[in-house]
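Take the sequence shown: its letter number 68 is residue 151 in the working numbering, and every next letter is one higher.
Where a beta carbon is used, it is the ideal one built from N, C-alpha and C, also for glycine.
Just so you know, these numbers come straight off a predicted model, no measurement behind them.
Encoded as structure tokens, the structure appears first; notes follow it.
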Amino acid sequence: TSVGAGVYTQRISPNEQAKRMVQMLAPVAHRLLYCSTGNHEYRTWKGIGVDLMYWMASKLEIPYIPYQVYSDIHVNDVTFEMFTNHGSTGAITEGGKLNAAKRPLEWQYQTPHFITMGHVHDMNVKKKFAVRRNKRTGELEKFKYYIETTGGFLGYFGTYADMKNYPPTTEGTVRDDLYTNGDYHASI
84 TSVGAGVYTQ
94 RISPNEQAKR
104 MVQMLAPVAH
114 RLLYCSTGNH
124 EYRTWKGIGV
134 DLMYWMASKL
144 EIPYIPYQVY
154 SDIHVNDVTF
164 EMFTNHGSTG
174 AITEGGKLNA
184 AKRPLEWQYQ
194 TPHFITMGHV
204 HDMNVKKKFA
214 VRRNKRTGEL
224 EKFKYYIETT
234 GGFLGYFGTY
244 ADMKNYPPTT
254 EGTVRDDLYT
264 NGDYHASI
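Here it is, written out as structure tokens:
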């Protein structure tokens with residue numbers, strides 16, 4: 084992956100970045116299901132052989148799952164399925180980013196409630212519908228699912244994105260709401 088000017092445009096060292104991130108996440112670590120790695124952490128691993136995300140997960144005492152994650156989230160008697168991966172794409176348009184996020188649908192056996200991808204530093208939510216078999220009844224049903232890109236928290240001017248003429252990052256993240264009656268929504 085391209086790093087632009089890499090460490091020369093950072094305000095603090097990677098070590099200090101990891102330390103501050105652990106401090107920021109520590110108060111909510113009990114709410115984190117897992118963490119995974121991406122291209123930024125991969126650069127550090129390639130350079131010095133250390134996976135910072137592994138060490139941050141260890142410090143926060145949350146599961147570390149390096150790449151793609153298919154998880155079941157239980158809310159009382161309701162199970163919601165989520166597929167998460169960091170992803171990879173050079174797309175700069177909203178459509179290109181969402182196309183990259185939905186790529187796992189090409190090889191998954193069943194559509195999850197949420198397909199979530201990072202990497203693109205932009206928030207997008209697209210509600211879609213599919214037909215799938217209800218596991219309890221065996222009947223076919225219309226099934227709602229969301230394709231999401233999760234956002235970011237990076238600056239803009241003087242960064243790699245500025246240099247490459249990419250649009251500024253949409254700061255923040257997507258919100259997924261899960262309800263005990265089986266309903267669910269995603270929003271920005």
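Proximal residues to Gly255 (C-beta, below 7 Å), its chain only, five neighbours per side dropped: Your numbering for residue 255 matches position 172 in the sequence shown. The answer, listed in chain order, is Met206 and Gly234.
Simplified DSSP assignment, three categories, for Arg103: On the sequence shown, residue 103 is found 20 positions in, with the first residue counted as 1. In the structure shown, Arg103 adopts helical secondary structure according to DSSP, grouped into three states.
Option nearest Glu177 by Cα separation, candidates Arg114, Lys209 and Asp160: Taking the sequence shown and counting its residues from 1, one reaches residue 177 at position 94. For the residues Arg114, Lys209 and Asp160, the minimum Cα distance to Glu177 belongs to Lys209.
Coil, strand or helix - Asn98 by DSSP: On the sequence shown, position 15 is the one that residue 98 refers to. Looking at Asn98 - three-state DSSP - the assignment turns out to be helix.
Run of the beta strand (DSSP E) containing Asn207, from where it starts to where it stops: For this step, residue 207 is matched to residue 124 along the sequence shown. Start and end: Met206 to Arg216.
Local Cβ density within 10 Å of Thr263, reported as buried at 16 or more and exposed below that: For the purposes of this step, residue 263 is taken as residue 180 along the sequence shown, with counting starting at 1. By the neighbour-count rule (16 or more Cβ atoms within 10 Å), Thr263 is not buried but exposed.
Cα-Cα separation, Asn98 to Leu115: Position 15 of the sequence shown holds residue 98. Position 32 of the sequence shown holds residue 115. If I take the Cα positions, the gap works out to 22 Å.
Assigned exposure category for Pro250 - 16 Cβ within 10 Å defines buried: Translated into the one-based positions of the sequence shown, residue 250 becomes position 167. That one is exposed.
Selected residue, minimal CA-CA separation from Pro110, among Asp266, Glu144, Val133 and Asp134: The residue labelled residue 110 in the question sits at position 27 within the sequence shown. Here the closest residue by C-alpha is Glu144.
Buried versus exposed call for Val214 [16 or more other C-beta atoms within 10 Å across all chains shown]: As a first step, residue 214 must be located in the sequence shown, where it is residue number 131. So Val214 ends up on the exposed side.
Buried versus exposed call for Tyr229 [16 or more other C-beta atoms within 10 Å across all chains shown]: Sequence index remark: in the sequence shown, residue 229 carries index 146 (1-based). The residue in question, Tyr229, is buried, as its Cβ has 16 or more Cβ neighbours within 10 Å.
Phe166 beta carbon less than 8 Å from that of Leu261: The residue you call residue 261 lines up with position 178 of the sequence shown. The residue you call residue 166 lines up with position 83 of the sequence shown. Not in contact: Leu261 and Phe166 (Cβ atoms no closer than 8 Å).
Length of the line joining the Cα atoms of Leu108 and Phe212: Stepping through the sequence shown from its first residue, residue 108 is reached at position 25. Stepping through the sequence shown from its first residue, residue 212 is reached at position 129. Their Cα atoms are separated by approximately 34 Å.
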